[in-house]
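There are 2 protein chains.
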Amino acid sequence: MTNASALLDALAEPTRRVIVERLSTGPAAVTELARDLPISRSAVSQHLQVLKAAGLVSDRAEGTKRVYRVNPEALAIIRAYFDSFWQRSLAAFEQAATGHTATASEEPA
Amino acid sequence: MTNASALLDALAEPTRRVIVERLSTGPAAVTELARDLPISRSAVSQHLQVLKAAGLVSDRAEGTKRVYRVNPEALAIIRAYFDSFWQRSLAAFEQAATGHTATASEEPA
DNA sequence: CGCATCCGTTAGTCGTAGCTTGCGTTAGTT
DNA sequence: AACTAACGCAAGCTACGACTAACGGATGCG
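So the protein lines, in turn, are chains R and H. Each residue of the first sequence is one higher than the last, beginning at 2 in the numbering used here. Each residue of the second sequence is one higher than the last, beginning at 2 in the numbering used here.
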């Protein structure tokens with residue numbers, strides 16, 4: 002679950018990104034989510050299963066409804082993933098520009 | 002190409018993520034990339050076309066070779082995307098915590 | 001108690017992304 | 001000029017994933 006690749010595999014689907022974006026503004030139920038999407042409720046449910054298996058969302062039974070919400074920790078992992086990713090690419094970019102290896106003279110803030 | 006969705010569509014493919022990870026450590030040519038991958042050189046080339054179309058990488062002819070490198074700006078966009086994303090989810094999470102009870106339900110089993 | 005709502009699951013169809021193969025092109029080497 | 005290495009491109013095949021449809025299980029309400 003601490004693997005960013007598994008999380009990104011789940012976020013590969015555009016529809017799932019929309020769902021997570023929607024859930025990032027607050028919890029929602031399945032039918033409620035499906036109402037704003039051009040697909041069936043069943044499809045939304047299946048997407049939620051994938052997101053849940055990846056650890057991106059969690060669900061909670063509330064009466065007959067089932068409320069889903071995002072897992073901030075999962076987004077934090079992805080965020081950290083792309084952060085180090087970006088820094089590495091910047092280092093390589095700097096190196097290519099200056100022509101010699103960078104000596105880690107960056108300010109750590 | 003300032004759209005994060007287009008960038009994420011390109012990074013949906015696991016192989017393409019490996020390629021970009023590899024390129025984030027420094028530029029490389031097609032055959033050089035294909036050497037470490039279980040797919041053909043042509044497949045790698047096709048992946049690079051997708052990444053290039055998304056603006057994630059750029060290429061430069063160097064003799065008979067074609068050197069690819071990552072575009073740090075593209076990674077910065079994705080980074081910013083997940084950053085705001087994460088902050089929104091945190092805000093929603095905090096609101097849910099303070100709005101209801103502090104020691105409320107946690108595990109849905 | 002029926003009845004409606006909300007949801008997960010399964011089976012099954014279908015589009016498409018990813019891969020290989022083969023070919024043509026360009027650049028470098030002798 | 002001949003040969004080789006490094007690519008891109010196009011056609012064709014295959015497998016996977018997204019979707020729908022139909023079902024059954026809970027929960028809530030009259």
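Where a beta carbon is used, it is the ideal one built from N, C-alpha and C, also for glycine.
Beta-carbon neighbours of R:Ser25, restricted to chain H and to distances below 7 Å: Phe86, Arg89, Ser90 and Ala93
Should H:Ser106 be flagged as near chain R, meaning a C-beta pair shorter than 9 Å? Because H:Ser106 carries a pLDDT of 39, less than 50, the predicted location of this residue cannot be relied on, and the following value inherits that uncertainty. Yes, contact with chain R.
Going along the chain, which residues of its own chain have a beta-carbon closer than 7 Å to the beta-carbon of H:Val31, five neighbours each way excluded? Arg42, Val45, Ser46, Leu49 and Arg67
Note down, in chain order, every chain R residue with its Cβ under 7 Å from the Cβ of H:Ile79. Phe83
Between which two residues does the alpha helix (DSSP H) harbouring H:Ala11 extend? Ala5 to Ala11
Have a look at R:Val21 and R:Ala77 and give me their C-alpha separation to the nearest angstrom. 14 Å
May I ask you to report which of helix, strand or coil DSSP gives R:Val19? helix
Could you round the C-beta distance between R:Pro15 and H:Ser6 to whole angstroms and report it? I think they count as a contact, below 8 Å. 7 Å
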